[in-house]
Amino acid sequence: MEADPAGGDLALRLSGPAGQVLPRSPSIAGLAVESPASLGWDRAWHHAMQTSVGVSVVCGLVEAEPMGIAIRQHGKAMAQRLVGTDTIVDAGRLVPGTVMFPFAVAADAIVLVVGDSAEHFFHARDLLSGLLPAVTSVDGTRPAVQAVVVADSGRGMAAVAELRAVLDHQGIPVTVAGWVARDRKGLQRWLAGDRGAGRSVLLRSAGPVVAEIAASQAGAPRARQTSLPNLTEQVNANAT
Numbered sequence: 014m015e016a017d018p019a020g021g022d023l024a025l026r027l028s029g030p031a032g033q034v035l036p037r038s039p040s041i042a043g044l045a046v047e048s049p050a051s052l053g054w055d056r057a058w059h060h061a062m063q064t065s066v067g068v069s070v071v072c073g074l075v076e077a078e079p080m081g082i083a084i085r086q087h088g089k090a091m092a093q094r095l096v097g098t099d100t101i102v103d104a105g106r107l108v109p110g111t112v113m114f115p116f117a118v119a120a121d122a123i124v125l126v127v128g129d130s131a132e133h134f135f136h137a138r139d140l141l142s143g144l145l146p147a148v149t150s151v152d153g154t155r156p157a158v159q160a161v162v163v164a165d166s167g168r169g170m171a172a173v174a175e176l177r178a179v180l181d182h183q184g185i186p187v188t189v190a191g192w193v194a195r196d197r198k199g200l201q202r203w204l205a206g207d208r209g210a211g212r213s214v215l216l217r218s219a220g221p222v223v224a225e226i227a228a229s230q231a232g233a234p235r236a237r238q239t240s241l242p243n244l245t246e247q248v249n250a251n252a253t
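Residues in the sequence shown are numbered from 14 upward in steps of one, following our numbering.
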């Protein structure tokens, strides 16, 4: 689900199963309107669209202002409605105090995507130091929080080690799940539904990251078994 209050772009980047342009509706706007009515969680999928990448997506609104209003007014109701479902939410910049906070609190796992530079590493350190206490409940439980680095293929392992060192030095208990390759060609092939995209550096690097995040769910204090292991199998199958 695309829920970045700054506006969405998945409807512009993705296409339908047959390559057709995705329509403006259904979208998160319909889910936002329905959520306060406490309808069943299964109704949430009525606002999702099938895409060329094989994943159903609830697209956000392209315009930032109506998107921000929808999240601000209905974010808590939407987050509560999605509890117990297997949903990946694109929350944009998840800083303390953001209107996306209800989604973070309700999540089983939070994954911070970090760029490969010292500036990004220290920014992630500062963000996480404020985010961790904000999503920790009174009984001490919180979502599993992990970081993933986006790096060039020759820099992946080094970037992971550098980010780990920055977080460890500050004593921030966050696992760096690994790295995902910066691979624009692979991304374009995947977005186009190209079956050969599974052999790209992008998806081959993503497999171990998905497996690490899935493994973190098994031991999380409040975790349930999610569909992440199935997603791991899907990524690995695409890469063979």
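Beta carbons are placed, not taken as given, at the ideal position from N, Cα and C, and that holds for glycine.
DSSP, reduced to helix, strand and coil, places residue 206 outside both helices and strands of the structure shown, so it counts as coil.
Residue burial is scored here from C-beta neighbours: residue 192 has at least 16 other C-beta atoms within 10 angstroms and is therefore classed as buried. If you keep only unbroken beta strand (DSSP E) runs of at least 3 residues inside the stretch 118-201, you get 122-128, 157-164 and 188-194.
In the three-state reduction of the DSSP assignment, residue 28 falls in the strand class. In the same chain as residue 196, and ignoring 5 residues on each side of it, the C-beta atoms closer than 7 Å to its own belong to 213, 214 and 215, in chain order. If the five residues before and after residue 90 are omitted, its C-beta is found closer than 6 Å to the C-beta atoms of 48 and 49, all from its own chain and listed in chain order. For residue 90, the enclosing alpha helix (DSSP H) has its first and last residue at 77-95. Excluding residues up to 5 positions away in sequence, 65 lie with their Cβ nearer than 6 Å to the Cβ of residue 28 in the same chain. Contact annotation, residue 126 with residue 161: C-beta distance approximately 5 Å; criterion of less than 8 Å satisfied.
By the CB criterion at 8 Å, residue 123 and residue 83 fall outside the cutoff. Between the alpha carbons of residue 206 and residue 198 lies a gap of roughly 13 Å.
No residue range can be given for residue 19, since it is assigned to no alpha helix (DSSP H) and is classified by DSSP as neither H nor E.
The closest CA to that of residue 97, considering only 121, 58 and 128, is found on 121. Secondary structure note for residue 44: its alpha helix (DSSP H) is the uninterrupted segment 41-47.
Straight across, the Cα-Cα distance linking residue 203 with residue 26 is about 11 Å. Contact check between the stretch 166-183 and the stretch 143-151: fewer than three CB pairs, one atom from each, fall below 8 Å, which does not count as touching. When C-beta atoms of the stretch 31-40 are compared with those of the stretch 101-116, fewer than three pairs fall below 8 Å, so the two segments do not count as touching. Minimum Cα-Cα distance from residue 218 among the listed residues 119, 15, 167 and 81 corresponds to 167. In the three-state DSSP reduction, residue 70 falls in the strand class (E or B). Around the beta carbon of residue 19, a 10 Å sphere encloses fewer than 16 other beta carbons of the protein chains shown; the residue is thus reported as exposed. For residue 186, the number of other beta carbons within 10 angstroms of its own is below 16, and it is reported as exposed. Its Cα nearest to that of residue 74, the residue 38 stands out among 137, 38, 223 and 119.
Between residue 15 and residue 103 a beta carbon distance of about 5 Å is seen, short of the 8 Å cut, so the two are scored as contacting.
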